[in-house]
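Asks: One structure is given below, represented as structure tokens, and several questions about it will come after.
Residue numbers (my numbering), protein chains in the order written: chain Z, -1 to 155; chain E, 318 to 1081.
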């Protein structure tokens, strides 16, 4: 029983026909060509599928697409759609905070949420807040550096 | 990002250039096969074996076929209408595309459901019913030597390797390869040694766990096939598919964008033969994306058992060593026989030992197949020989660094194979570890229930040989440059390194150079992206290609009467009257190699270069829980002269953290029937941010690989070598118990503590 849902995607009003079992990542990929959120573990444990729904990071591979009806959805692709990159993205590049890049969009989105809540996080806070995102290349030390760098930049405005 | 196009005098080699693809990766726009969708594409869902060893009596696909939306269900019977011998593998042609007659491990692919909707395919796959006659199975690598359960009735070596020829047609054995080395007379030397030490160490089966699971797409064309695949070895995929199909190479095109991690999993062929035959059977594009769970059944790292025996003089000189290593290869050989030999010959460790004997065996068992995983068997060997080294030093009351200093291989001295060591800074790695750990200073050993300890370990690896890389460098009429090479960038930063090498030769900024990703119709042959070989082999090929292009540019300038330093665009304009033409250089690199003598395992030239890595650890053990907390992890390696120091540091660090997972938590848990009990990230724990050591130091010693491009050599694996034994050595230092099996998880440590107190815990 497919149904039509309407939501705001990266600032634009959109609609899609979705099956009841479809998750948000599938809809973003199949209907809108957005591949930055990607399924990896399929259990909401790795963070590769992170997207923002009404401003909160969710695991898109576990999030029924139908629940997005009427919501505001933001993906990693939106961060750099204005002028230049987001300061978090810039910091990830400068700190060399990724290798294969598969988990990076999830880390970038979670880092933004972390910095919204904790503008000047200490290392312990960073480790705990991002502990639900996995990076098999283990760029973790560089990710911590990137978060600190981005925090400093954001505080300076 | 701004891409400068003007030539620059800045040296390109030795600069920490950010990865060229950085912007694509942080914006989520980097290309992975995962993203690919083609018109008319079918999705395949694999039905897998539920028994570890069984003869297939009957496969009933009728219920699956009846599901609305199912396009077709395929079994090996369908495949054999296309290919009479659908078996693949790099060393043995032992792996059927789908199971034929019997299954050899739980999770082996038996059938595939194809549908336009992957959910339909998945639902239908659950409805397939297979009736098995269960057979006795063998899971342990040592038992497999003598077990009556035989995994393969007949051995089928690929025939391309001379050292496998004697195995052809052999029956009633699980030994896929036996490698032996004899130098001096270890047996006699052991019999007369002042001290003899013998220990046995084991490692567990673990999995690469790339976050991008295996994914391949086959696209049938009129008389050709295009394969889009997350593969570390596009050239091998093409050659192996050409062999299977009986086609010339030029009818198969293999394209590889970025990989979301590889670590040795995505090598040789995996899903590619399956999607290829499905596309040929249906004349539709077919995609198969594995789930994380399915990865556990696809390729793993060898579990192993290593019995090591050493003869040592009173004053601490190792004079003899006998190494017996059993590698648990699982149900299909994959590259295991090469691990057995090419890593096997380094089993005595980086030590100068006069009398050496090595017996290394690749075993078939009824577990998921094992192959290469970041180190090609080396971490398993270093685990054993560096635990053993520490035990000897303790027994003789020698300082672990001083004991090693007395015994390490120094440049010019022959390694076990007889090959003289060259450009292998084992001494520097050892000494820097001592400095970075402040070894001479008194160490705080903790008190109460938290005890502190420290340990070190060093290891080395020979780069696999002989292998070939070919590159092309194209300078266009405006002076911009494109590098064509089949090295796959799976996160190690090869695109950036190759651009730096080409830029160094052509005096262009690395950021201005484009890299064409693997496309076998466009990019030339490369053996594979594995074993830390690419920077050395492809780096040399790119350097040669760039030098040839530079030579042609200079000749062109001379031909039209311009000075050699004239801007390139001006030279082309003068020669062709407009912006036109190219200068194309090619480079082919294959290092020298002498195969080992079959009987003795000896050779004067075993490898083009040696990798050296060492780790020092300071840790805490909670004696009430067995928990180990690594406070400080120091990784030191000889990587030659780094092309990109920042990327080198992140490779060392990433490799060490990955090995930390293999040391402290990761373990595939099988029950007595060979069923895997923890095939998910919920129960198979890879390191996260909370598992990170409090402090890490990563250092490349000052060194040069004289035969490498600008003094460089590979770095992808070196950070893994010493981690596991350094931790075990530090645990003994802290709490006086010795663990000989990985992983060193809290339960194992706590059990050992209780056993040492004479109050062992009952077995679970």
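Backbone N, C-alpha and C fix where the C-beta goes; we use that ideal spot for every residue, glycine too.
(1) Note down, in chain order, all residues in the stretch 96 to 123 of chain Z with a beta-carbon under 8 Å from any beta-carbon belonging to chain E.
(2) For the beta strand (DSSP E) that residue 627 of chain E lies in, which residues bound it at each end?
(3) Does the beta-carbon of residue 288 of chain E have 16 or more other beta-carbons within 10 angstroms, so that it is buried, or is it exposed?
(4) With DSSP run on the structure shown, which of helix, strand or coil describes residue 962 of chain E?
(5) Going by DSSP, what residues sit across from residue 564 of chain E in a beta bridge?
(6) Identify the continuous alpha helix (DSSP H) that holds residue 873 of chain E and give its terminal residues.
(7) Do you know offhand how far residue 1073 of chain E's Cα is from residue 1042 of chain E's?
(8) Going by beta-carbon coordinates alone, are residue 858 of chain E and residue 787 of chain E separated by less than 7 Å?
(9) Once DSSP output is grouped into helix, strand and coil, what is the label at residue 709 of chain E?
(10) With 7 Å set as the bound, which would you pick, yes or no: does the beta-carbon of residue 125 of chain Z sit closer than that to a beta-carbon of chain E?
(11) Would the stretch 681 to 689 of chain E count as touching the stretch 577 to 586 of chain E if we require 3 or more Cβ pairs under 8 Å?
(12) For chain Z, check one thing: does any of its Cβ atoms lie closer than 7 Å to the Cβ of residue 332 of chain E?
(13) When you compare the stretch 867 to 879 of chain E with the stretch 757 to 768 of chain E, are there three or more beta-carbon pairs, one atom per stretch, that lie closer than 8 Å?
(14) As a quick exercise: from E/677, E/695 and E/951, pick the residue whose alpha carbon is nearest that of residue 462 of chain E.
(15) Please return the same chain residues whose Cβ sits closer than 7 Å to the Cβ of residue 965 of chain E, not counting the five positions on each side in sequence.
(16) Going along chain E, which residues have a C-beta under 7 Å from residue 78 of chain Z?
(17) How would you list, in chain order, the residues of chain E whose beta-carbon sits under 7 Å from the beta-carbon of residue 44 of chain Z?
(18) Go through its chain and collect everything with a Cβ distance to residue 310 of chain E's Cβ below 7 Å, but skip five positions before and after it.
(19) Am I right that residue 391 of chain E and residue 437 of chain E are in contact with their C-beta atoms under 8 Å? What's the rounded C-beta distance?
(20) Residue 367 of chain E: which of E/376, E/458 and E/544 sits nearest, CA to CA?
(21) Residue range of the beta strand (DSSP E) that residue 723 of chain E falls in?
(22) When the Cα atoms are used, what is the spatial distance from residue 1010 of chain E to residue 498 of chain E?
(23) Residues of the stretch 973 to 986 of chain E in Cβ contact with chain Z at a cutoff of 9 Å, in chain order, please.
(24) Residues in its own chain within less than 7 Å of residue 593 of chain E by CB, not counting five upstream and five downstream?
(25) Kindly indicate if chain E contains any beta-carbon less than 7 Å away from that of residue 132 of chain Z.
(26) DSSP on residue 900 of chain E, reduced to helix/strand/coil?
(27) Spell out whether any CB of chain E is found under 7 Å from the CB atom of residue 91 of chain Z.
(28) Please list the residues of the stretch 790 to 810 of chain E that have a C-beta atom closer than 9 Å to any C-beta atom in chain Z, keeping them in chain order.
(29) Could you give the distance in angstroms between the alpha-carbon of residue 259 of chain E and the alpha-carbon of residue 993 of chain E?
(30) Okay, do the stretch 932 to 946 of chain E and the stretch 1062 to 1079 of chain E touch, 3+ Cβ pairs below 8 Å being the bar?
(31) State the Cα-Cα distance for the pair residue 715 of chain E and residue 683 of chain E, rounded to the nearest angstrom.
(32) I'd like the span of the beta strand (DSSP E) that includes residue 426 of chain E, first residue to last.
(33) For a cutoff of 7 Å on Cβ pairs, would you count residue 772 of chain E as touching chain Z?
(34) Cα separation between residue 139 of chain Z and residue 1036 of chain E?
(35) For a cutoff of 7 Å on Cβ pairs, would you count residue 61 of chain Z as touching chain E?
(36) Which residues of chain E have a Cβ atom closer than 7 Å to the Cβ of residue 140 of chain Z, listed in chain order?
Replies: In short, the structure shows the following:
(1) Along the stretch 96 to 123 of chain Z, the positions whose C-beta sits under 8 Å from a C-beta of chain E are 96, 97, 98, 99, 100, 101, 102, 103 and 106, read in chain order.
(2) As a working note, residue 627 of chain E is residue 310 in the second chain. Segment 620 to 629, the beta strand (DSSP E) holding residue 627 of chain E.
(3) The question about residue 288 of chain E has no answer here: the residues shown for chain E are numbered 318 through 1081.
(4) Taking the second chain and counting its residues from 1, one reaches residue 962 of chain E at position 645. In this structure, residue 962 of chain E counts as helix in the three-state DSSP scheme.
(5) Working through the second chain from its first residue, we reach residue 564 of chain E at position 247. Per DSSP, none; premise fails for residue 564 of chain E.
(6) By 1-based counting over the second chain, the position of residue 873 of chain E is 556. Run containing residue 873 of chain E: 851 to 876, per the alpha helix (DSSP H) assignment.
(7) Reading the second chain from its first residue, position 756 is the one you call residue 1073 of chain E. Reading the second chain from its first residue, position 725 is the one you call residue 1042 of chain E. Between the alpha carbons of residue 1073 of chain E and residue 1042 of chain E lies a distance of about 20 Å.
(8) By 1-based counting over the second chain, the position of residue 858 of chain E is 541. By 1-based counting over the second chain, the position of residue 787 of chain E is 470. The criterion of a C-beta distance shorter than 7 Å is satisfied by residue 858 of chain E and residue 787 of chain E.
(9) Position 392 of the second chain holds residue 709 of chain E. If DSSP states are grouped into helix, strand and coil, residue 709 of chain E belongs with the helices.
(10) Here the question's residue 125 of chain Z lines up with position 127 in the first chain. Proximity of residue 125 of chain Z to chain E, defined by a Cβ-Cβ separation below 7 Å, is satisfied.
(11) Yes, since at least three Cβ pairs between the stretch 681 to 689 of chain E and the stretch 577 to 586 of chain E fall closer than 8 Å, the two stretches touch.
(12) Taking the second chain and counting its residues from 1, one reaches residue 332 of chain E at position 15. Chain Z has no Cβ within less than 7 Å of the Cβ of residue 332 of chain E.
(13) Touching, no.
(14) One-based indexing of the second chain puts residue 462 of chain E at position 145. Of E/677, E/695 and E/951, the residue nearest in Cα terms is E/677.
(15) Start at 1 with the first residue of the second chain, and residue 965 of chain E comes out as number 648. Within its own chain, the residues whose Cβ lies closer than 7 Å to the Cβ of residue 965 of chain E, once the five positions on either side in sequence are excluded, are 956, 959, 1017 and 1032, listed in chain order.
(16) As a position in the first chain, residue 78 of chain Z is number 80, starting the count at 1. The answer, in chain order, is 344.
(17) Counted from its first residue, the first chain places residue 44 of chain Z at position 46. By Cβ distance, chain E contributes 528 and 998.
(18) Within the shown structure, residues of chain E are numbered from 318 to 1081, placing residue 310 of chain E beyond reach of any answer.
(19) By 1-based counting over the second chain, the position of residue 391 of chain E is 74. By 1-based counting over the second chain, the position of residue 437 of chain E is 120. Actually they are not in contact, since the Cβ atoms of residue 391 of chain E and residue 437 of chain E sit about 15 Å apart, beyond 8 Å.
(20) For this step, residue 367 of chain E is matched to residue 50 along the second chain. Looking at the Cα atoms, E/376 is the closest of the given residues.
(21) Stepping through the second chain from its first residue, residue 723 of chain E is reached at position 406. From DSSP, residue 723 of chain E is part of no beta strand (DSSP E) but of the alpha helix (DSSP H) over 717 to 724.
(22) Residue 1010 of chain E sits at position 693 when you count from the first residue of the second chain. Residue 498 of chain E sits at position 181 when you count from the first residue of the second chain. If you draw a straight line from the Cα of residue 1010 of chain E to the Cα of residue 498 of chain E, it comes to about 39 Å.
(23) In summary, the residues of the stretch 973 to 986 of chain E whose CB is separated from some CB of chain Z by less than 9 Å are 973, 974, 975, 977 and 978, in the order they occur in the chain.
(24) Residue mapping note: residue 593 of chain E aligns to position 276 of the second chain, counting from 1. Cβ within range, chain order: 535, 542, 544 and 558.
(25) Taking the first chain and counting its residues from 1, one reaches residue 132 of chain Z at position 134. Against chain E, the CB of residue 132 of chain Z has a partner CB under 7 Å away; the residue lies at that interface.
(26) On the second chain, position 583 is the one that residue 900 of chain E refers to. Strand at residue 900 of chain E.
(27) By one-based count along the first chain, residue 91 of chain Z stands at place 93. At least one chain E Cβ lies under 7 Å of residue 91 of chain Z.
(28) Listed by position, the residues of the stretch 790 to 810 of chain E near chain Z (Cβ gap below 9 Å) are 806, 807, 808, 809 and 810.
(29) No statement about residue 259 of chain E is possible, as the shown extent of chain E runs from 318 to 1081 and does not include it.
(30) These segments touch.
(31) Reading the second chain from its first residue, position 398 is the one you call residue 715 of chain E. Reading the second chain from its first residue, position 366 is the one you call residue 683 of chain E. The straight-line gap from Cα to Cα measures roughly 43 Å.
(32) Translated into the one-based positions of the second chain, residue 426 of chain E becomes position 109. Its beta strand (DSSP E) spans residues 426 to 432.
(33) For this step, residue 772 of chain E is matched to residue 455 along the second chain. No, because no Cβ of chain Z sits closer than 7 Å to the Cβ of residue 772 of chain E.
(34) The count along the first chain starts at 1 and reaches residue 139 of chain Z at position 141. The count along the second chain starts at 1 and reaches residue 1036 of chain E at position 719. Those two C-alpha atoms are separated by around 15 Å.
(35) As a first step, residue 61 of chain Z must be located in the first chain, where it is residue number 63. It does not: the Cβ of residue 61 of chain Z has no partner Cβ on chain E nearer than 7 Å.
(36) Counted from its first residue, the first chain places residue 140 of chain Z at position 142. Chain E residues near residue 140 of chain Z: 967.
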